[in-house]
Every structure is written in structure tokens, then in C-alpha cells.
Amino acid sequence: MIVEGASTPRDLKSVEIEADLVVVGGGLSGVCAAISAAREGLKVTLVQDRPVLGGNASSEVRLWILGATSHGGNNNRFAREGGIINELLLENQFRNPGGNPVIFDSIVQDWVSREQSLTVLVNTQVFHAVTTDNRVREIHAFNSQNSTMYRLSGAFFADSSGDGILVHMSGAAYRMGAEKADEFDEPMAPGNNYGELLGHSMYFYTKDVGHPVDYVAPDLALKDVPSLIPRYRRFRTTEQGCSLWWIEWGGRLDTIHQSEEIKVELQKIVYGVWNYIKNSGEFPEAANLALEWVGTIPGKRESRRAEGDYILRQKDIIRQVVHEDDVCHGGWSIDLHPADGVYGDADGCNQFHAKGVYGIPFRCMYSRNIENLFTNGRLLSASHVAFGSSRVMATSSTVGQAIGTAAALCVRAGILPRDVAKPEYLPALKRSLSRAGHYVPHYDALADGNLARTAKITASSTLALSGLAHDHGYRQLTASYAQLLPGRTDIDNVIHVPLRVARQTELKVELQIAEKPENHTPEILVSTVSLSLEAGEQTVAIPLPKLARAQYVFVCFAENPDIELGLSSERITGLVAVKKGGLDKVSTTARQDAPSELGVDSFDFWVPERRPGGANIAFVADHPVHVFDVANLTFGPLRPTFGPNAWVADRSDPAPEIELSFEKAVHARKLILYLDCDYDHPLESVQYRHHDRVMPLLVHDVTVSANGRVVAEIHDNRNPVLTVDLSEENQIDSLSLRLANRQGHAVSLLGLRLE
4 MIVEGASTPR DLKSVEIEAD LVVVGGGLSG VCAAISAARE GLKVTLVQDR PVLGGNASSE
64 VRLWILGATS HGGNNNRFAR EGGIINELLL ENQFRNPGGN PVIFDSIVQD WVSREQSLTV
124 LVNTQVFHAV TTDNRVREIH AFNSQNSTMY RLSGAFFADS SGDGILVHMS GAAYRMGAEK
184 ADEFDEPMAP GNNYGELLGH SMYFYTKDVG HPVDYVAPDL ALKDVPSLIP RYRRFRTTEQ
244 GCSLWWIEWG GRLDTIHQSE EIKVELQKIV YGVWNYIKNS GEFPEAANLA LEWVGTIPGK
304 RESRRAEGDY ILRQKDIIRQ VVHEDDVCHG GWSIDLHPAD GVYGDADGCN QFHAKGVYGI
364 PFRCMYSRNI ENLFTNGRLL SASHVAFGSS RVMATSSTVG QAIGTAAALC VRAGILPRDV
424 AKPEYLPALK RSLSRAGHYV PHYDALADGN LARTAKITAS STLALSGLAH DHGYRQLTAS
484 YAQLLPGRTD IDNVIHVPLR VARQTELKVE LQIAEKPENH TPEILVSTVS LSLEAGEQTV
544 AIPLPKLARA QYVFVCFAEN PDIELGLSSE RITGLVAVKK GGLDKVSTTA RQDAPSELGV
604 DSFDFWVPER RPGGANIAFV ADHPVHVFDV ANLTFGPLRP TFGPNAWVAD RSDPAPEIEL
664 SFEKAVHARK LILYLDCDYD HPLESVQYRH HDRVMPLLVH DVTVSANGRV VAEIHDNRNP
724 VLTVDLSEEN QIDSLSLRLA NRQGHAVSLL GLRLE
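Residue numbering for the sequence shown follows the numbering used here, starting at 4 and increasing by one per position.
Rendered as C-alpha cells:
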């Protein structure tokens, strides 16, 4: 029992925590920063002002996670983000096939709880920063649930708070609003008519309860929806939550200090919209629908943006400018929204895509004037236009992983964030990121410090791909359809494709490549094949050109409803078929026609279909179209880019094995295997359902032997990166890997590292 008598005013309980890195903000960018730093051995404190982690991806907001893949609706093949965010999405796919945001909360909580050197403070709001000599020394925060004040000190700080509370209080340079077009030569820079800030959105869920249910709107609900919301005709009862992302408002206001006003207005709009759907008589199919959930906090898009040593801009994205310090990648469209939101008559967004992914320089990830402050997520140093692409959660998460990894390098080397971009330190950052399965553009992820490069590597078999079996029926060419094949630079080749033809007609096939070898936008016509066909089943010969450099060739079969293409059920690492046309969630047209004055390219969209659709085109080749050699195991990026970049066992191999033998024994602590987790597939975290709970081309079972002794057995794997402890082996003369795929596909590996 506690009895407190009269006393002088009392102080709150106070706790002091010292860390190597203090991360402010527990959205996905902050979570990934904190986890990556902890995995690198740092003592980390993560401060979140909400009761759950995940930010806009959490159950409080319920926005799906996306990045460079853009729902699969652009030409960014094999572009899903790697590293920690990839781990979370793959685990969510397995645990949460229904796309429940509450379950995703628990996965994020699991991931942070595994790090013993990571302290997480939720419900804790930072309100004061102590900054001296251009460095943050400590921050003060208050937890309303346990009535405790915290004083948090650290060698380094990361602001992942979205609104930039630490950037603001520390005195770090930042921007808010849109630049003029001439500052960074950005033709897309909006004027005042369009508005300088993106607004907030509020999401809601509905549920079919199986019987009619009434809805009585609250007094605050917006009245006369059809006259006030010009886009009301786009309401559909099948849409909910993120599908109505365009219920947005607030871009004309201060999106930080007027956020509560924006929230109240959005609540009025949501309840008014639902009242209109239920009670206007325009939606009789909504009779059995109940309003299950309405967000209590809005999803924020834009507020402050920090200034780093470099500011990302429009040309970096559209021209895919390569920077020496690129350590992450983006690929979402430049996605700007009208500031008037639902009350304006403009379209909900103005999206323009690049022809491929772009790199994000490390110089954008720290403050230019506060020496020990990293800036993350929506605070990335970017112009308003570039921010339109870099702001999305999966992209921000990769920036978080880069920051956490860089912080560990700073602690170990006794340097500041700015120093990491120097030539003597940058390779170490790229190596550490790549080791963790994070994608670093234009970098050989398997080069530095990889003892496997000293080994003689052999495999029980190697796939020399000479065709895909015709075992999956036919596809009518109601839209143009194409197969991406790795191009050969040494020989001409011919593939033979099965067809079924309804009546006499002409088949047109175009062989196209991308201007940049790592892109997957067919834009350069290499050759054309035109064939007169008679009715019936037949096989046609398509010559494949010898290419000047390694890259994919698009074998594009032009739309012709009188022709059906033979399909294959076989799925092979780095092979994908695409159809010409837009995706409803991204672009409703088959082509991006960009006004020339915007400084954006015009090109066709060729997009994949989600499994179980999207089968490859069946063919037989005169010569192998590609050999998936073991040399790929210790060379190149850890995903398909200009080619598959993988070793694949022959499909007839019943028990694929890889052997590493060393002329001189090596001492290694661990073996890391990088697996094909289908980087081409978007893994939206909520609402979407995905066909596979475990990615089909993963290695599902592995047995590792060192010097003839089994040291590890892994079963039922669903992870993209596997690490095997070899510390008990003093010297290693040989390693062997026995691999299995449980879904009947050819076994593949994207790379291996021994260190």
C-alpha cells in the first residue's frame, strides 16, 4: 500500500538511457534503422510516440507497404527491396495470408524483440533536444502510459519521425513545400494552383455481415457529398481502406501544426462518404455492408524534408543518374498529389515513372549541419518532386537499413556520418549492406572479403536452358504478350514457339531491348518477324539476335485475337512473361505519354500478371538461351538485373549439390546463402492476398557439410538469406551443400559468401 501525504510538488520518475544510436520514430524506416544497427553490434534505443510500431503500415493507419515494384504496374522488374523489409514482407506473406494489419503489427514486434541490444520505448514522445557544437547530445521524452520522463543520450541520432521533430529541435537545416522549377531544373515542380504539399489520408474498412444493416451517420458527417467531392462517382462498394487513398486533404494547410484540424476534416469526409454509400440509394449492393473500422490518425505524406550534403532531384530519378555513394534504390513513380485533395476537381495524383530503378546517394541520409544526425524516411534529403518517389515505405525502409549500418561503421571507425561517403569508408558500408541481403545498385555484392572466391566450385548439374515445356495450355493474344529471355552475345539463336491459330492471319513478333542494360523497358527495336499463318496448331521459328552486351531481350508477340500462344508451367529464376498494358492500381493505360515540357520519358508499360497467372511462353531453342553457371555464385548482384545472375541446377537433377574445395585451407566463421525469393513480386502487407505463402523458387531444405562433417541442416525454409555458423571449424578444406526445392521447381542460388 502507498499513501502519499501533503508534500512539495513532486517530480516525475526519470530514467536515463545511454546508447550508441538513438532512433526517433518507430515507423518502418526507424524500425529498419534500429534493427540493422543492433545486428551490427550497437546498443540502440528506438523511441516511438504511438502504442505500436510500423507507422503508416501499422494497424492504426493500415496502408500497404510498397516501393520500387509499384504493385507490379511499372517496368521495374526484379525490383522489390531486400534486407530487413524483405524479411518482414516474406514473413507476413507466410503468417498473414489474409492481409490483416494487426498480425503485421505482431511480426514487426517480433523482429525488434529478437535484438537484445535494442531498447524500444513506445507511447514516448520526444519534446526537447540538447544540441551543442553542432551535435545532438541528448533528447528528452515523456511516456504518458507509465508517467516516466526519459533522458536519452547517444553518440549518434537518427530522425525517423516523419515530421522531423528532432531535425526541427536540433537546428538541422530542412525544407517544407515545393522548390521553384529553376532551383534544380525540375520541370515537374508544381505551381501554387496545384499546391506545394501532399495532404493526409484516412482509411476505413467495411465488412459483409450477411444481412442488411442500417447506418446512422454522426452529426459531424459531411453533407451533400456529390456536390462537394467531384470524384464521388469513383466510389465502389468493393473498395476500402487504401483503395480510397484519394480521400485526401490538407495540402493547403501546415501539415504539422494543423494536423489535428486535417484529421477532423478527414473524419467528416469518411463518415459522409459512408453515409452516401449506405443511404443515397445509389449503391443497393451495400445493403449488407457494415462499417468495421475507421482510422483514428491519418496517414501523413509530407511535411519537413532535411537537407543533406546532396539533395535528390527529378533528374536523378528520371535519368537514373549513378552516384558513387548510391547505397539504396527507389522506383516508385514521381507521385505528386493536388493540395486541394478531395475538394478539388483534379485527378487524385499525377504519376510519372522512370524507365527503371534509380540509386539513392548516402549523402542524402544525414544532416548537412548537425554532425551526428542521420535523417531517414520522409526526411530524406530530396526536393519536393523527388520526394514524390522516395517517400514510400519500402524505399524508406531501405534507407533506414543503410543508416543503421552506417552508424555502426561510424562507431567502429570513430568517424562522422559525412565521412562514410568518402572512398576509404564507402566500400565497407556497401559490403555490410550487401552481406545482409540489401540491394546496392551497380555493386558486385559478392566481391569484397568473400573467401568463396578462392575456392574451386563445382555443381552436380547446371541448367543450360534450351526451352520451356508446353504443358500449360494456350493464351489468346487479346493483348500483346512478351517473354523476357537473357540475351546471348556470342551466337545467333532461334526459338520455336507453339501456336494455335483460329483462321488465316499474320503474326508479328518484335525483338526489343532496353537502352540501359539493367532496365526492363523494351524501347529499342532490334528486329521484326512477320509470319503468314494458316489455321491450326503449329510451331513458328523466331530468330534471336546476337546482342552487343549482356541484357534481356523482349520477345514481343503483337496483339492478335486469332492467335493463341503455348504456355509453360515451368518457373525459372530470372525468367518472366509480361503483357503490354497498364495496371488499374498504377496506370490504366498501356503507355506513359508524358508532356515534353515535364522532362519525363514516354514509353510503353509491360507488366507481369500475378501468380497463379502470368505463365511463361513455351519454346524450344536451337542452342541454350542461357547457361546458369556456378560462376554466378561468387559474382554480381544478388538478384536478376541485366541477366538472371544465378546458378540453377538441371531440372532432372534429383539431389542438387554444390562443392567448394580449397587448394589451401581457409578459416571462416560463417557461410551465407542468397536465395531467389522472387524480387519481381510486390508483397503488399495488408488487404492483398498472395498466391504463395512461401516463395516458389526458394531453397526450402539445405544440408551443409564442412570437411565431410554435417554442420547444419535447415528445413522448411522461407527466408531469403541463410547464415550457417562455421566457427567450430578451425580450418576448412571443403564445403558441400545439398539443396532441395519442395515445390517441384529447379533448385537455384543467387550467390554465396564465405567469411
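Where is the CB? At the ideal position from N, CA and C, for every residue including glycine.
Bear in mind that the values here come from a model prediction, so they are computed numbers and not experimental data.
Boundaries of the beta strand (DSSP E) around Asn146: 138 to 146.
By the neighbour-count criterion, in which 16 or more other beta carbons inside 10 Å mark a residue as buried, Met191 falls on the buried side. In the three-state reduction of the DSSP assignment, Arg366 falls in the helix class.
Looking at the DSSP output, His499 shares a beta bridge with Ala544, Val623. Our two residues, Ser535 and Thr508, have alpha carbons roughly 6 Å apart in a direct line.
When only Cα atoms are considered, Val50 and Gly85 end up about 24 Å apart. Among the bridge pairs identified by DSSP, Glu251 is matched with Ser204. If you look at Glu518, you'll find it isn't in any alpha helix (DSSP H); DSSP assigns it neither H nor E. Counting only runs of 4 or more residues that sit fully inside the segment 37 to 103, the alpha helix (DSSP H) segments are 86 to 98, in chain order.
Scanning its chain for C-beta atoms nearer than 6 Å, with the 5 sequence neighbours on each side dropped, one finds around Leu676 the residues Leu725, Leu755, in chain order. Excluding sequence positions up to five before and after Lys210, its CB lies within less than 6 Å of the CB of Ala293, Glu295, all in the same chain and listed in chain order. Within the segment 556 to 612, the complete beta strand (DSSP E) runs of at least 3 residues fall at 563 to 571, 579 to 583. By the criterion of a C-beta distance shorter than 6 Å, Arg394 is surrounded in its chain by Arg381, once the five residues flanking it on both sides are discounted. Beyond the five residues adjoining it in sequence on each side, Lys46 comes within less than 6 Å, by CB distance, of Ala22, Asp23, Ser120 in the same chain, given in chain order. Under DSSP, Asp329 takes part in a beta bridge, and its partners are Pro364.
For Leu315, the three-state secondary structure derived from DSSP is strand.
Setting aside the 5 residues that flank it on each side, Val133 is surrounded in the same chain by Arg140, Glu141, each with a C-beta closer than 6 Å to its C-beta; the list follows chain order. Annotation: Arg745 to Ser599 spans about 50 Å, alpha carbon to alpha carbon. Under the DSSP assignment, Arg154 falls outside any alpha helix (DSSP H), being part of the beta strand (DSSP E) whose first and last residues are 151 to 162. Judged by their CB atoms, Asn375 and Ala158 are nearer to each other than the 8 Å cut-off. Close CB contacts of Asp728 within its chain, under the 8 Å cut and outside five residues either way in sequence, are with Arg672, Lys673, Val714, Ala715 (chain order). For the pair Glu63 and Leu269, the Cα-to-Cα distance works out to about 15 Å. Per DSSP, the beta-bridge partners of His629 are Leu468. Looking from the CA of Ile168, the closest CA among Ile259, Gln112, Asp350 belongs to Ile259. Using a Cβ distance threshold of 8 Å, Asn720 and Asp704 count as a contacting pair. Phe355 counts as buried, since no fewer than 16 other beta carbons sit within 10 angstroms of its beta carbon.
Within its own chain, the residues whose Cβ lies closer than 6 Å to the Cβ of Leu738, once the five positions on either side in sequence are excluded, are Leu663, Ala709, listed in chain order. A straight line joining the alpha-carbon of Arg65 with that of Pro104 spans about 6 Å. Excluding its 5 nearest sequence neighbours in each direction, Ala82 has C-beta neighbours in its own chain below 7 Å: Ala71, Thr72, Gly334, Val360, Tyr682, listed in chain order. Met368 is positioned such that its CB atom lies closer than 8 Å to that of Gly311. DSSP places Leu432 outside any beta strand (DSSP E); the residue lies instead in the alpha helix (DSSP H), whose first and last residues are 429 to 438.
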